[in-house]
Amino acid sequence: MTRALYSLCGADQQHLFSPHCWKAVMALAHKGLDFEEIPTTYARIRAIGGGVSQTVPVLDDNGRLIPDSFDIALYLEEAYPERPSLFSGEGGKALSRMVEGYSQMIIHPAITRIALLDIHANLDEGDKAYFRESREARLGKSFEVVAAGSEAEKAAFGAKLEPLRHMLKFQPFIGGQAPLFADYIVFGALQWLRVCTGLTMLAAADPVLGWFERCLDLHQSRGRTVTAA
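When you line the sequence shown up against our numbering, it's residues 1008 to 1236, in that order.
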């Protein structure tokens, strides 16, 4: 059986930074499944499976193509039920949807405003114009205007993690005593920040940083295979 995951990369193919791709990487590792990770620039996404998706990740599981990180996790749970669960039941799926909303509505916009110029600088030359045009349209501002507020965003970032900090008073992972896909959702966001900009805005004693370090160590330290900024 051949299994491949198409993941977003910058000009350096080792610069795998997408939060959504990291969710899928960790989900596959959680299931203990072997796979090849295929670095993919924005410009090359349209060639995957004849245009099956406009975004990555895309999982190719022996010819079956599954786009979208959450759909990949659901597929893995159904296709490989004998392997460690990503959700531990329907409640875990509902939890993951809530965490996905928190991550993408609160954490992701802040990281975008913090790391925008760093992401752009590390892209393949063929991707830079697309990235600038699409993100400026989404943000309604030029990169330069957004970047001017990056220090204020860094100062405010820690407060956006307070719900996670509160949870860590009671348990080591979002999933409880062990990680679930819900953990990988927020991990993917902070891994994106770590790889592109670094995590200097979090204090060394921050419980969130401790949780993140535990996640980096999971699955034979898969998260540490990409160097931090």
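Heads up, the beta-carbon is just placed ideally off N, CA and C, and yes, glycines get one too.
Quick check: residue 1125 and residue 1235, are their CB atoms within less than 8 angstroms of each other? no
Out of 1019, 1010, 1011 and 1012, point me to the one whose CA is closest to residue 1131's CA. 1019
For residue 1069, count the other beta carbons within 10 Å of its own beta carbon; 16 or more makes it buried, fewer makes it exposed. Which is it? exposed
What are the partner residues of residue 1014, as DSSP defines its beta bridges? Bridge partners of residue 1014: 1046.
For residue 1223, the three-state DSSP class (helix, strand or coil): helix
Would the region 1189 to 1208 and the region 1021 to 1037 be scored as touching if the rule is three or more Cβ pairs under 8 angstroms? These segments touch.
Please tell me whether residue 1133 and residue 1048 are closer than 8 angstroms, where the distance is taken between their beta carbons. Contact flag set, yes.
Keeping to the same chain, check which residues put their C-beta closer than 8 angstroms to that of residue 1041; ignore five residues upstream and five downstream. 1010
Between the CA atoms of residue 1060 and residue 1053 - distance to the nearest angstrom: C-alpha separation (whole angstroms): 7 angstroms.
Residues that residue 1074 bridges to, as DSSP identifies them: Residue pairing for residue 1074: DSSP places it in a beta bridge opposite 1065.
Contact between the region 1179 to 1194 and the region 1143 to 1161 (3+ Cβ pairs under 8 angstroms): no
Let's test the definition: count the other Cβ atoms within 10 Å of the Cβ of residue 1176 and tell me whether it reaches 16, buried, or not, exposed. exposed
Measuring straight from C-alpha to C-alpha, what distance separates residue 1138 and residue 1062? 13 angstroms
With DSSP run on the structure shown, which of helix, strand or coil describes residue 1023? strand
Where does residue 1232 land, buried or exposed, given buried means 16+ other C-beta within 10 angstroms? exposed
Please report the residue range of the alpha helix (DSSP H) in which residue 1193 lies. 1188 to 1203
With residue 1125 as the anchor, note down where its alpha helix (DSSP H) starts and where it stops. Residue 1125 -> alpha helix (DSSP H) spans 1115 to 1128.
Quick check on residue 1240: does DSSP put it in helix, strand or coil? Nothing about residue 1240 can be read from this structure; the chain reaches only from 1008 to 1236.
Which value, in whole angstroms, describes the spacing of the CA atoms of residue 1154 and residue 1013? 29 angstroms
Since residue 1120 and residue 1169 are thought to touch, with beta carbons under 8 angstroms apart, how far apart are those beta carbons, to the nearest angstrom? Their Cβ separation, rounded to whole angstroms, is 18 angstroms, which puts residue 1120 and residue 1169 out of contact at 8 angstroms.
Residue 1032 and residue 1229 - do their beta-carbons sit closer together than 8 angstroms? yes
Please report the distance separating the alpha-carbon of residue 1189 from that of residue 1219. 13 angstroms
Own chain partners of residue 1056 with C-beta closer than 6 angstroms, once the 5 adjacent residues on each side are dropped: 1072
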